[in-house]
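For reference, the structure is listed below as structure tokens.
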Amino acid sequence: MNNDQKQKDVFAERLSRIEERNNARLSDPPPKTPPKPRYGEDQPQSYALRNFFIWSTIIAVCGGGLFYGYKQIQPGETVSLAHLVEATKTYFSGSTGMVDMTTGRASRRTDAPPPMRELTDSGWTLRSPAVATPDQSEVTVDQIAIGFIETTRDTIPGDLIPFDTNTECTFRRPQSSEVIQNVRIGSSTAETSVHMFSKEQIASALSDHIEGLLTQVSGHYKVGKMASGRMKPVDVFVTDDTAPVYLILQSSSSDIIWNVHLSEGAEIAHIAMIGNNSALVSPPGNPSFEAIRVSDFVQNNEFGSNDEVRPCMVAPWRQPQEHWLGYQKAQKDNDLYENQMYSYNTGYRAYNAWFTSTFGADASTNLTTASKAAHVIAGPVASSPIQFTPFTGQAIYHTPSDFVVVSDEARQESHDTLLMQAIGGDIALLNPDPMEVSGQ
Amino acid sequence: MRGFSILASVIGLAIAAVWYIPAMYWGYQITNESQKMVAGEESNFANLLRGPAPLRWLRDRAELKNTYSEDELNGERTVSYSVSLPFSEIMKPGEEMPDEAYYDLYAIARAPQFLSEYCVEILGNFAKSCDVGRVRGEVNREGVATMQGELNYIPAYDYGDPSTVENGDLVRARVTILDRYESERPNSPETRAEVLAAAITLCEAVKQTFGNCMITDINLRPHTNYRDEAEMLSATASITILADKTQYRSDSVQAEVNRVAERVL
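For the record, the sequence lines run as chains H and X. End of the first sequence = 440 in the UniProt record's numbering, gap-free, step of one. End of the second sequence = 265 in the UniProt record's numbering, gap-free, step of one.
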């Protein structure tokens, strides 16, 4: 077979194979699924898959929101549309304030009085007449005292008598015959008419006021700024009559005027105060007292500076408790609260080291603590009522301050006087009239 | 926190209502109109583009109003200046020296008295009205009180007609008039007047291109020449132009202003 013949045979074989295949295709049954439409062909399309993805996404997003929202609900709380509607309605009306969606309780943005007892990230906030107790039991001031009169911004005390703070971070050590009673709070929920502030604070406030005044923006937020330094009152009911009481009063974030009341049979041997500006209503029985100003020894807690155990770490940190909301959030791996509780714990450890070396007792000894409170008990709840000594007209011993004024009017006057001196005596010089080209 | 969550949701919905929905509607309209325009049909595209785009409208409204207000002194048009004096010289004769804690307060409280004197210098060709605006004051360890402030002004020069600009967007540009390291000009009334005149000249030239030019800040910065302790002056000018945003970008405006400044200053 020559090559030409060979090629013809191969070609003929190909032709017959193609013909055979074409015949077979014609005889095949039609395909079960329709061919895919080509792009641009006007044929009906199915959107089932696309719709499936869209609805899956919507359901996943909504479901996720509901799931995480549900996780936020505390046990025993309920959610209803009525709560949500009420919350929205009251928020916009502003008349009765915001209502918590899950509990229906009024929150802080409200004209209604805030709750007497409120659990916060750092423990209980107790508003008058609630009293902080060592075991967190619910006690009100009328249960333990007679003649109670609430201290307010309008309550005017008697003489204001300064006393020197300790220049070293030492206190008189408790004697073996004395019992320590220990009060440590963040702040108070009440207010007094007394303001204490420094020259630097009043100068800074007046500088802001001038800056705001000259911006030519009406109602600028800095206009009228004043140094505050409003002192807050805390009533301390000392009920421990087992021995003369060595009373340690500590506040971590406010300037407090402590007003000590004694139950029958109780006696105070000494009062040690730790805070920034501290003051003491003339105490019953005239015990000795002394105070440390925290800012004299400890800087603000920046970059964990309070974490270090050192000889004079007098910032009175409070140890986190299981009932704190912040503690519970930290347990749920909330990074923010984990860090916050870490700071509380390390700060407390350092403070406790100083406390123990200074007083010879652990910082948790006979402790009454709260995030904020206006009244506290140092000791057990007394069986017989305590005679309440009102703030009005009482002499107040206070740590020294550049300005100590009583009433908002006196505070305003101190600012006005200094402002006039700083300007040079003529208020018109502070904001001279605009100048214009003559004839304008 | 749950109260806060509700508040956040309400605010979110409010934002959606006042911004997102109008923005989407605006986008829908402008898309339709642009298609009509491309198809050669009658279109409202230009008006929509010129009109207040959502959010931009909110942002620019006060700034526009303040920048071009003819009767209101405000912080959008300023001449910034500072005066340094020994603290004793800001006190009146016989006046008792205050506690050191109040030095800064005295400096800021007396700054308007000292800075308002410089209003006299800018009235005339540059400004027809002037008032002391934002001030700061501090006293250093050497007892030198530095009083800084902004003199707000209403322009006396012709800043052009921004109302004719279509698709207007406020664009800022900054030009050095007296360089701190190159210029050897003393801090004197004459030098300060020259700086104001230079800024007006610059704006006149910029106006040829953009049709308008507002001097929004002239920053006069006195400094000490360490060779001979003489007080020298450096200065920059910030100008604002209402430019057609479909034609100019901020960097191209700055480049054009730089070219103009090289030519006229």
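Think of the CB as a built atom: it goes at the ideal place given N, C-alpha and C, for glycine as much as any other residue.
Quick one: grab the DSSP three-state call for residue i.
{"i": "T216(X)", "result": "strand"}
{"i": "A65(X)", "result": "According to the sequence provided, residue 65(X) is Lys. The question's Ala does not apply to it. If DSSP states are grouped into helix, strand and coil, K65(X) belongs with the helices."}
{"i": "L49(H)", "result": "helix"}
{"i": "L55(X)", "result": "Legend: pLDDT at L55(X) = 48, less than 50; position of this residue unreliable, value from coordinates given subsequently. Coil at L55(X), not helix or strand."}
{"i": "T389(H)", "result": "coil"}
{"i": "G232(X)", "result": "It should be noted that the sequence gives Met, not Gly, for residue 232(X). Strand."}
{"i": "L336(H)", "result": "helix"}
{"i": "Y221(H)", "result": "coil"}
{"i": "G424(H)", "result": "coil"}
{"i": "F289(H)", "result": "strand"}
{"i": "S88(X)", "result": "helix"}
{"i": "T369(H)", "result": "strand"}
{"i": "Y153(X)", "result": "strand"}
{"i": "V99(H)", "result": "Its pLDDT being 35, under 50, V99(H) is placed unreliably by the model, and the measurement read from it follows with that caveat. V99(H) falls in the strand class under three-state DSSP."}
{"i": "L430(H)", "result": "coil"}
{"i": "R185(X)", "result": "coil"}
{"i": "T240(X)", "result": "strand"}
{"i": "R221(X)", "result": "strand"}
{"i": "E142(X)", "result": "coil"}
{"i": "M147(X)", "result": "strand"}
{"i": "W324(H)", "result": "coil"}
{"i": "D408(H)", "result": "helix"}
{"i": "E413(H)", "result": "helix"}
{"i": "D235(H)", "result": "strand"}
{"i": "Y159(X)", "result": "coil"}
{"i": "S56(H)", "result": "helix"}
{"i": "M273(H)", "result": "strand"}
{"i": "W317(H)", "result": "coil"}
{"i": "L123(X)", "result": "strand"}
Identify the continuous beta strand (DSSP E) that holds residue i and give its terminal residues.
{"i": "R134(X)", "result": "127-139"}
{"i": "T192(H)", "result": "Run containing T192(H): none; DSSP gives neither H nor E here."}
{"i": "T176(X)", "result": "168-178"}
{"i": "Y246(H)", "result": "245-251"}
{"i": "D142(H)", "result": "Counting along the chain, D142(H) falls outside any beta strand (DSSP E), though it belongs to the alpha helix (DSSP H) covering 141-144."}
{"i": "I377(H)", "result": "375-378"}
{"i": "I185(H)", "result": "179-187"}
{"i": "E118(H)", "result": "117-120"}
{"i": "A279(H)", "result": "278-281"}
Taking its Cβ as the centre, do 16 or more other Cβ atoms sit within 10 Å of residue i, making it buried, or is it exposed?
{"i": "W317(H)", "result": "buried"}
{"i": "T216(X)", "result": "buried"}
{"i": "S129(X)", "result": "buried"}
{"i": "L430(H)", "result": "buried"}
{"i": "K332(H)", "result": "exposed"}
{"i": "G425(H)", "result": "exposed"}
{"i": "D104(X)", "result": "buried"}
{"i": "D158(X)", "result": "exposed"}
{"i": "T246(X)", "result": "exposed"}
{"i": "W55(H)", "result": "exposed"}
{"i": "residue 463(H)", "result": "The displayed coordinates of chain H run from 1 to 440. Any statement about residue 463(H) would go beyond what the structure contains."}
{"i": "L336(H)", "result": "exposed"}
{"i": "K65(X)", "result": "exposed"}
{"i": "E262(X)", "result": "exposed"}
{"i": "D131(X)", "result": "buried"}
{"i": "G147(H)", "result": "exposed"}
{"i": "G285(H)", "result": "exposed"}
{"i": "F388(H)", "result": "buried"}
{"i": "A106(H)", "result": "Because A106(H) carries a pLDDT of 40, less than 50, the predicted location of this residue cannot be relied on, and no value is offered for it."}
Residues of chain C with CB under 8 Å from residue i, in chain order?
{"i": "P98(X)", "result": "The displayed structure is made up of protein chains H and X, and chain C is not among them."}
What residue range does the alpha helix (DSSP H) around residue i cover?
{"i": "T209(X)", "result": "189-210"}
{"i": "M24(X)", "result": "21-38"}
{"i": "L213(H)", "result": "199-214"}
{"i": "P112(X)", "result": "103-115"}
{"i": "N258(X)", "result": "250-264"}
Flag residue i as yes when its Cβ comes closer than 7 Å to any non-hydrogen atom of the ligand MN, and as no otherwise.
{"i": "L280(H)", "result": "The ligand MN is absent from the structure shown, which contains no ligands of any kind."}
Is the segment 364-380 of chain H touching the segment 174-185 of chain H, taking contact as three or more C-beta pairs under 8 Å? Flag = yes, the segment 364-380 of chain H and the segment 174-185 of chain H touch.
Does the segment 376-396 of chain H come close enough to the segment 231-240 of chain H that 3 or more CB-CB pairs lie under 8 Å? Cβ pair count under 8 Å is three or more, so yes.
Could you say if the segment 190-202 of chain H and the segment 397-408 of chain H meet the contact criterion of at least three C-beta pairs nearer than 8 Å? As far as the Cβ criterion goes, the segment 190-202 of chain H touches the segment 397-408 of chain H, which means the pair count is three or higher.
Is the segment 117-128 of chain X touching the segment 166-176 of chain X, taking contact as three or more C-beta pairs under 8 Å? By the Cβ test, the segment 117-128 of chain X is not in contact with the segment 166-176 of chain X, since fewer than three Cβ pairs between them sit closer than 8 Å.
Is the segment 253-273 of chain H touching the segment 208-220 of chain H, taking contact as three or more C-beta pairs under 8 Å? With the cut-off at 8 Å, the segment 253-273 of chain H and the segment 208-220 of chain H do not touch.
Tell me, please, whether the segment 335-347 of chain H touches the segment 313-327 of chain H by the rule of three or more beta-carbon pairs shorter than 8 Å. Yes, the segment 335-347 of chain H is in contact with the segment 313-327 of chain H.
Would you call the segment 132-139 of chain X and the segment 202-212 of chain H in contact, with 3 or more CB pairs under 8 Å? Because the criterion of three Cβ pairs below 8 Å is met, the segment 132-139 of chain X and the segment 202-212 of chain H touch.
Inspect the CB distances between the segment 385-401 of chain H and the segment 276-294 of chain H and report whether three or more fall short of 8 Å. Taking a cut-off of 8 Å for Cβ pairs, the segment 385-401 of chain H and the segment 276-294 of chain H touch, as three or more such pairs fall below it.
How about the segment 159-167 of chain X and the segment 90-105 of chain X: do they share at least three Cβ pairs that are nearer than 8 Å? At 8 Å Cβ cutoff, the stretches do not touch.
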